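Chains as they are written, first to last, in this note's numbering: chain A, 24 to 378; chain B, 2 to 330; chain C, 20 to 278.
Ideal Cβ positions, reconstructed from N, Cα and C, are used throughout, including at glycine.
Remember, it's a predicted structure, so these values are computed and weren't measured experimentally.
Data first, discussion second: the structure below is written as structure tokens.
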């Protein structure tokens, strides 16, 4: 087809332009893909590693199809097929670590889970006593609850300010911008902040779960603000005006009309934010510390959370520690996934009926 | 359904038996309190961000100029202490970006343009799952599984490219346990993949249909259509997505802390037995020393990291904002 | 180079929904054919099926035969990319590529087909296409400026220049004037008159006066009822259609009794 351009002036005389271009058969990608898969399986049987076999298969597919297309369809067809192959390959590559990680966590961790593991702490009163992660589960729940108790009111109210009161003024713009920037604060910096704050106030030896809550809330607030803001903006102005027209004061309008309408989305956002911070490790290392005992007091003394426990076991590095780490990772992943699932269900169930 | 409560509450606030009062005191006070609360929450956020800076400065300012033995045994001044950490931070982030950016763009295209409709929502969900996995679990996976799996790759990289002019410097003597900065970078790449994907897929799918159809109607193949319309339209979104990914990678702690075996020698070798760690990982590794001097130094390095990520995120948001203003015109 | 289009028994679907049913017609070469009809009657959908743009929408498909120059567009061996290269399209709203200059917009289609263009050839093509679209005199001094800087009518003519730069056989226009003011509209209508010497032109329009002004043949599409597929009611020379239509429904529509 490249000649048509050069011949453009004479093209007026030409009568027939073929629309049927030589094309690969419709099944070509499947044929090449099948052959590549077969080759990979053959290599696997012949004893090469899984990675080598898969990589060879993928490479064969990514090279053969464009080359075949180049021979039959020309440069443009070949480029298009190569890019299609590459684009899909990126997705496949991204799935590999996810599957590998989930498989690892389930296969190594699920077996550890039993009543003992979940109901005993690391603290042993006698040498025979079994150990478990009860203290870390309690710690995770308390610290996260503390973080939510700070973040939800601040985040939701700030979003209300941005949408209902600030509407485009300078302060609101500044807050919106800083909330965006805040989402990028490294978690370790949040930990350092809580550490600096609490040790400056309560003395250098201070450790507490609440310090961890403060650090986490620094990470959680921006997520809650963004989610709430987005939901509030979706509430149609008609609803607000209908309420004002009835003589309802603004704050009652917000509480009785706007918030209930946006409730599903806001709860979803809060749940997702919780899921995000419940797995944080770095900020808690510094201020919440680690302990073998179960600590029920959020405001005094070290408090272990699941991520910190996993990290601690990783540092020890021996086989029993590794086993405990995988078990704890399994519990943590289950908690996070359940929260994500709940968020989706809540979002679906409480979503305002769309017309 | 939600409008109903208002209809019921309105008469009670109107109180027909009372004289009409245009400056309804009850509503006024409630409004003032509520508005004040909302404003206070907004200001809290400003204060918190300022507080991060102020408290880090208060606690860490002294960390910049300690006697030289505090920074020892590998450095004599704050600069000497923080420089290898900066190198480690940027090396790990650069490796992560090199791997994650092309993947993320590809995945975003799958979700926005390549996958059939029934597949694109599940595909997006899978990538969101990657974002939901806690960083410590990535670290665990990287340290106990991936690093071991990557030992042959380390040996292969060294054997294949070790003698090449430029690549040879990157792939020197390999790490025997796979706990190199390259492995840490790979784990980081998986962790920042979702954020880059999420932003780019958003801007890709916002490409005006009109422009895509214009390209197709000129006889463009799908890839040519993407190059002609999607990429030019999404360019600034892609840039800021990469920067946000960079910001995340710079500050991510656990992947590097748990995977990398730490050393102090600066070298180009990204598969070396040991490499300088990152600022964030260094804080996580050293905080236990709890010597007052060292802690102040660590807080000071944290301040450096904070400013660094703040700048990167600020720039990313600025690029997004600028393109949104341009599109709005 | 203008070609006729023979359409037989064409059904057009969105997924399971039959949007247009049983269309038969012959679009004459080197003439202007207009499609008119009420909103939602499927005239734009039908137009988009003439260069296989309909299938860009997921789940959309076409059954039946559309033959151009002895070749069925929907033959399994036919490359939709080749079809769109031969059958150009101008859209409802002007859509020059926002990141490209006027010059590059005109060349956008050609650059796909030929890797490298010599500067002089490219200049020739740009000038010829812009002259063909009656835009040359207005933009010749600012070819390097972005296409988005032009007025709406100029943008639409730029899109026409872009479409004719690849020398198609047929030019499809989907309500090309609906977003334009009257002066720009009349400029486009004049242009359509000039272009029909070289191209077969098919135009969808909401505006019956426009159909009467620019077209040689007219097809009237209608819905039997809401939710029913659209179909071709009448296809006749424009003069006859507007003076003495065969079908009472056509007459009702043209005289403004409905739609």
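{"Check": "Please check if any C-beta of chain A sits within less than 8 angstroms of the C-beta of residue 239 of chain B.", "Outcome": "no"}
{"Check": "Output yes if chain C places a C-beta closer than 8 angstroms to the C-beta of residue 233 of chain B; else output no.", "Outcome": "yes"}
{"Check": "Determine, using beta carbons only, whether residue 100 of chain C comes closer than 8 angstroms to chain B.", "Outcome": "yes"}
{"Check": "Under three-state DSSP, which class holds residue 143 of chain A?", "Outcome": "coil"}
{"Check": "For a contact defined as C-beta to C-beta under 7 angstroms, what are the partners of residue 108 of chain C on chain B?", "Outcome": "218"}
{"Check": "In chain order, what residues of the same chain have a beta carbon less than 7 angstroms from the beta carbon of residue 221 of chain B, not counting five sequence neighbours either side?", "Outcome": "229"}
{"Check": "Give the straight-line distance between the Cα atoms of residue 33 of chain C and residue 73 of chain C, rounded to the nearest whole angstrom.", "Outcome": "9 angstroms"}
{"Check": "How should residue 318 of chain B be labelled, buried or exposed, when 16 other C-beta atoms within 10 angstroms of its C-beta is the threshold for buried?", "Outcome": "buried"}
{"Check": "For residue 352 of chain A and residue 128 of chain A, which I take to be in contact (beta-carbon distance under 8 angstroms), what is that distance rounded to the nearest angstrom?", "Outcome": "5 angstroms"}
{"Check": "Are any of the Cβ atoms in chain B nearer than 8 angstroms to that of residue 180 of chain C?", "Outcome": "no"}
{"Check": "Going by Cα to Cα distance, which pick from C/149, C/229 and C/52 is closest to residue 204 of chain C?", "Outcome": "C/229"}
{"Check": "Can a CB atom of chain A be found closer than 8 angstroms to the CB of residue 1 of chain C?", "Outcome": "Only positions 20 to 278 of chain C appear in this structure, which leaves residue 1 of chain C out of reach."}
{"Check": "For residue 44 of chain A, would you say it is in contact with chain C, using Cβ-to-Cβ distances shorter than 8 angstroms as the test?", "Outcome": "yes"}
{"Check": "Considering only DSSP beta bridges, list what residue 250 of chain C is partnered with.", "Outcome": "C/40 and C/241"}
{"Check": "With distance defined between alpha-carbon atoms, name the residue in B/71, B/219, B/96 and B/93 nearest to residue 103 of chain C.", "Outcome": "B/219"}
{"Check": "Tell me, please, whether the CB atom of residue 140 of chain B is closer than 8 angstroms to any CB atom in chain A?", "Outcome": "yes"}
{"Check": "My guess is that residue 141 of chain C and residue 176 of chain C are in contact by the Cβ rule of under 8 angstroms, so how many angstroms apart are they, rounded?", "Outcome": "So it is not a contact: roughly 19 angstroms between Cβ atoms."}
{"Check": "Relative to the C-alpha of residue 274 of chain C, which candidate in C/106, C/226, C/246 and C/235 has its C-alpha closest?", "Outcome": "C/226"}
{"Check": "On a CA-only basis, which of B/201, B/107, B/223 and B/39 is nearest residue 99 of chain C? Give me that one, please.", "Outcome": "B/223"}
{"Check": "Got a sec: is the Cβ-Cβ distance from residue 254 of chain A to anything in chain B below 8 angstroms?", "Outcome": "no"}
{"Check": "Note down, in chain order, all residues in the region 62–96 of chain C with a beta-carbon under 8 angstroms from any beta-carbon belonging to chain B.", "Outcome": "70, 72, 75, 77 and 78"}
{"Check": "For residue 222 of chain B, which residues in chain C fall below 9 angstroms Cβ to Cβ?", "Outcome": "100 and 131"}
{"Check": "Please list, in chain order, the chain A residues whose beta carbon lies closer than 9 angstroms to that of residue 103 of chain B.", "Outcome": "109 and 113"}
{"Check": "Apply the 10 Å Cβ neighbour rule to residue 22 of chain B and answer buried if 16 or more other Cβ atoms are within range, or exposed otherwise.", "Outcome": "Because residue 22 of chain B carries a pLDDT of 48, less than 50, the predicted location of this residue cannot be relied on, and no value is offered for it."}
{"Check": "Quick one, which of B/72, B/142 and B/155 has its alpha-carbon nearest residue 260 of chain B's?", "Outcome": "B/142"}
{"Check": "Could you give the distance in angstroms between the alpha-carbon of residue 98 of chain A and the alpha-carbon of residue 52 of chain A?", "Outcome": "17 angstroms"}
{"Check": "Pull up the DSSP beta-bridge partners for residue 205 of chain A, would you.", "Outcome": "DSSP, once it has assigned bridges, lists no residue as partnering residue 205 of chain A."}
{"Check": "If you pair each beta-carbon of the region 112–132 of chain C with each one of the region 177–186 of chain C, do three or more pairs fall below 8 angstroms?", "Outcome": "yes"}
{"Check": "Taking residue 194 of chain B as part of the alpha helix (DSSP H), name the residues at either end of that continuous run.", "Outcome": "182–206"}
{"Check": "With a threshold of 8 angstroms between beta-carbons, can residue 212 of chain B be considered close to chain C, or not?", "Outcome": "yes"}
{"Check": "In the DSSP assignment, the beta strand (DSSP E) including residue 80 of chain C goes from what residue to what residue?", "Outcome": "79–87"}
{"Check": "Taking the alpha helix (DSSP H) that residue 191 of chain C falls in, what are its first and last residues?", "Outcome": "Where residue 191 of chain C is concerned, there is no enclosing alpha helix (DSSP H), although the beta strand (DSSP E) it sits in stretches over 189–193."}
{"Check": "Can you pull the chain B residues whose beta carbon is under 7 angstroms from the beta carbon of residue 128 of chain C, in chain order?", "Outcome": "219 and 220"}
{"Check": "Examine the Cβ distances between the region 79–97 of chain B and the region 248–255 of chain B and report whether three or more of them are shorter than 8 angstroms.", "Outcome": "yes"}
{"Check": "In the DSSP assignment, what residue or residues form a beta bridge with residue 302 of chain A?", "Outcome": "Its beta-bridge partners do not exist; DSSP assigns none."}
{"Check": "Where residue 143 of chain A and residue 326 of chain A are concerned, what is the direct C-alpha to C-alpha distance, given to the nearest angstrom?", "Outcome": "15 angstroms"}
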